[in-house]
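Scroll down for the structure; my scribbles are underneath it.
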Amino acid sequence: MIQPNPCFTRPRHAGRGPAFADAYRLIEDAGIHFQGQLVGTAASVDPKAPAGNYADCFVRDFFPVGLIMLLEGRGDVVRAFLHLIMQLRGQQEELEGQQIAPGVLPASFRVQRNADGDEEVMADFGDRAIGRVAPVDSMMWWSMLLHAYVQYTGDLEFAQGPEIQRMLRMILSLCLQSRFEVFPTLLVPDGSFMIDRRMGVNGHPIEIQALFHSTLRCAALLLPEPGSQWLVDLAKRRREVLQSYVQDYYWLDMDVLNRIYRYETEMLGENVENIFNIHPESIPLWVQDWLPDGAGYFVGNLGPGRMDFRFFAQGNLLMLATGMATATQAEALTSLIEQRWTDLLGRMPMKLVYPAVEGDEWRLITGSDPKNIPWSYHNGGNWPVLIWPLVAAMLKVDRADLAEKAWQLVESRLPAARWPEYYDGRLGRLVGRRANIGQVWSAAGFLLARYFLDDPDVLSRLGFDEAFTHGSTERG
């Protein structure tokens, strides 16, 4: 019998102290093997985890682990993971009379060992998830990890293999397919990405747009073929338009807020300022007092008659880490994080959504979800995994001081609490009431952030190498 490969041989940071050794040990314990090869890590090693799928390897959760594997010289693990996820695409069941779009990748997988000793990989496309919502972002995190793998290892041969090429074409075709949608952004249902419960984020959430932008970048890995050159050209054009669109219409600072406050509505024809028919009455009262002068951020969502003014951390941080913002916006967003440090980071970086929805709004938007009570879980909870995109973002804007300050918040507290999934409260002082312990991506975020701080150059070597653009935020 083939002996399973360990995750690490001589971990680079294991000698720094017990917290690092514990984080590595957690990832090691979470290893999932198939046919003797390490192919992923379980979401959590908490034996009391309430949901059985926390023993699965989630594509989204594995991304920071995958980057650590690359930095530790375990590119073989990342390659095996990418290949396995690609092969699982065919396991999705189809409803009678409905054809599943090619390119959809599973949310997670598990390796099941039968009584006779045979191993079988079982994929979950949302069939076992709460709410039965299929993930949209799995194919995007997979694409980003593929790009990081090729960028870091130089293994173009893997990316240019026929299976990977076919998978990339499927993903891009799915993202770029024609639909009754006039915007360059990607339309997704509620609960189909990291915020996987009902939170009123259906439509065009900023997180998906940032991931969509990085996914389109993978078109550069496609080999030139007469039959698919149109796809490469379309992805390039769509990426450019998407970036300008998000920079122009998702951005909010005091100048933009003043324009929205004085918008006229029900305007027809060309060259109108209020092209989405946003009613000034929809501006929440908290925004005007919370948004400092000289600061700004990308709103959570945008569509006809709708602007979601909430701050969504993952999307905003990815806008910085991937260079999707303009240089001016990057400076203003950094200023917001610095000036609103207590609200957005508190005692545990970082709050997934700010502010929380409460009262009747909470009952209406979340469906009275008891896990998403105000200032908990996805409704204003603090998620330690966000430390890695936060540190990456701050390093991209040359604010290593803020990156180090944020990391110091997790350095002692996170391992002492045994790597919880999330924290509760306005300041993130309480371990989440329903948080799993031994959450792998919490430990991975801790380690990955330290890698970035110790050697910021690895960001560009992992694909976070695009510079901020110079653009306009003028509307209309």
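Mind the numbering: the sequence shown is residues 1 to 476 in my numbering, read in order.
Note that the Cβ used here is the ideal one computed from N, Cα and C, for glycine as well.
Euclidean distance between Cα positions of GLY381 and ALA313: 11 Å
CB contact flag (TRP383, LEU430, <7 Å): no
Status (buried if at least 16 other CB within 10 Å, exposed otherwise) for ASN258: exposed
Buried/exposed call for ASN379, threshold 16 Cβ in 10 Å: buried
Cut-off 7 Å between Cβ atoms - residues of its own chain near HIS470, not counting five sequence neighbours on either side: THR326 and ALA327
Whole-number beta carbon distance between MET69 and VAL77, since they are thought to touch under 8 Å: 5 Å
Endpoints, the beta strand (DSSP E) within which HIS279 is located: Premise fails: HIS279 is in no beta strand (DSSP E) and is neither H nor E.
Distance, GLY36 Cα to GLU240 Cα: 43 Å
Best match in THR334, TYR377, ASP124 and GLY75 for proximity to LEU88 [C-alpha to C-alpha]: ASP124
Under 7 Å between C-beta atoms of VAL121 and VAL111: yes
Any 3 or more C-beta pairs closer than 8 Å across the region 404 to 422 and the region 432 to 450: yes
Simplified DSSP assignment, three categories, for ARG306: strand
Sequence-distant residues of the same chain with beta carbon closer than 8 Å to GLY305, five excluded per side: PHE276, ASN277, ILE278 and HIS279
Cβ-Cβ distance between VAL45 and ALA30 below 7 Å: yes
Alpha-carbon to alpha-carbon, LEU345 and ASP255: 25 Å
Contacts around LEU390, its chain only, beta-carbon distance under 6 Å, and the 5 residues preceding and following it disregarded: LEU317, PRO349, MET350 and ALA406
Backbone CA spacing between VAL39 and GLY200 [nearest angstrom]: 34 Å
LEU84, buried or exposed, once every other Cβ within 10 Å from all chains shown has been counted against 16: buried
Within the region 157 to 233, ranges of the alpha helix (DSSP H) (whole runs, at least 4 residues): 162 to 176 and 206 to 217
Beta-carbon proximity list for VAL232, same chain, < 6 Å, skipping 5 on both sides: ALA219 and LEU222
PHE109, enclosing beta strand (DSSP E) - first and last residue: 108 to 113
Three-state secondary structure assigned by DSSP to MET348: coil
CB contact below 7 Å: LEU352 versus chain C: Considering every chain present, this structure includes no chain C. It has just one protein chain.
DSSP bridge partner residues for GLN408 (one or two, in chain order): Answer is none; GLN408 lacks a bridge partner.
Where SER230 falls, given that 16 or more other Cβ within 10 Å makes a residue buried: Strictly speaking, residue 230 in this sequence is Trp, with Ser absent from that position. Classification of TRP230: exposed, given that the 10 Å Cβ count is below 16.
Close-in-space but distant-in-sequence residues of the same chain around THR366 (CB under 6 Å, 5 per side omitted): ARG198 and ASN372
Host alpha helix (DSSP H) of ILE260 (start-end): 254 to 261
Whole-Å CB distance - ARG418 paired with HIS13, under 8 Å assumed: Their Cβ separation, rounded to whole angstroms, is 19 Å, which puts ARG418 and HIS13 out of contact at 8 Å.
Host beta strand (DSSP E) of PHE446 (start-end): Careful: PHE446 lies outside any beta strand (DSSP E), inside the alpha helix (DSSP H) at 440 to 454.
Test item: CB-CB of ILE32 and CYS7 under 7 Å: no
Outcome for GLN247 when other beta-carbon atoms lying within 10 angstroms are tallied against a minimum of 16: buried
CA-to-CA distance, ILE195 to GLU404, given in whole angstroms: 27 Å
Through-space distance from SER143 to TRP290, alpha-carbon basis: 36 Å
Buried versus exposed call for GLN288 [16 or more other C-beta atoms within 10 Å across all chains shown]: exposed
C-alpha distance - VAL357 paired with LEU67, whole-angstrom precision: 34 Å
CB of TYR354 within 7 Å of CB of PHE298, strictly: no
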